[in-house]
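Participant: The structure under discussion is supplied below as structure tokens; questions concerning it will follow.
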Amino acid sequence: MLPSSAYTLLPSIILTSLFIFFSKDEMEYKINSTVPLLGMFYAVFIPYLTLTSGEKDSFFMIFFNPILFMETIILLHCAVKRGTSSFLCGDKKKAIISVLAVVLVAMLQPAMFALWYLKFLAPLAYIIPVVMLPISLFVYKFFPKE
319 MLPSSAYTLL PSIILTSLFI FFSKDEMEYK INSTVPLLGM FYAVFIPYLT LTSGEKDSFF
379 MIFFNPILFM ETIILLHCAV KRGTSSFLCG DKKKAIISVL AVVLVAMLQP AMFALWYLKF
439 LAPLAYIIPV VMLPISLFVY KFFPKE
């Protein structure tokens, strides 16, 4: 079985890279299209993961796994958008902060799965995604205004 990060990072990186490489649109359009593109992909991929996992009847896999994917996509989009705009403007400090944010967001979902698998820390795996959902929606709505 692949680690949880392979289900989050690899499809996101491969799909977005292919879209950016083959699309003839402007870079700003490509970056703004990542959330709808990944949303459509994961709308099919998440049910497949849930049905093929060994934990089909788990409350966490049915309800919190899609929330984690959505939060990851939204936060990655905001960090990449801010990072590319900072890099193109020549602000290396903000670009490095955005790269660190991408790394932290990429580790969010595997960390929640690890908390869930460790049964005594499972309540944190339920609390953190619920707290992160309004934060990610707030960041998506108000953070990338450039």
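Everything in the sequence shown is counted per our numbering, starting at 319 for the first residue and increasing by one.
The C-beta atom is built at its ideal place from N, Cα and C for all residues, glycine as well.
Judging by CA-CA distance, which residue of Y458, Y435, F431 and K348 is the nearest neighbour of P447?
Facilitator: F431
Participant: Could you spell out where the alpha helix (DSSP H) holding E389 opens and where it closes?
Facilitator: N383 to C407
Participant: Does the region 386-397 come within contact of the region 410-424, defined as at least 3 CB pairs closer than 8 Å?
Facilitator: yes
Participant: With a threshold of 7 Å on Cβ separation, who are the neighbours of F359 within its own chain once the five nearest residues in sequence on each side are excluded?
Facilitator: P329 and L333
Participant: Which term fits M319, buried or exposed, when burial requires 16 or more other beta carbons within 10 angstroms of its beta carbon?
Facilitator: Residue placement at M319 cannot be trusted, given a pLDDT of 46 that sits under 50; what the coordinates show is reported in the next sentence. Burial call: exposed.
Participant: Answer with buried or exposed for F456, where buried requires no fewer than 16 other C-beta atoms within 10 angstroms of its C-beta.
Facilitator: exposed
Participant: If you run the structure through DSSP and keep just helix, strand and coil, what is E346?
Facilitator: helix
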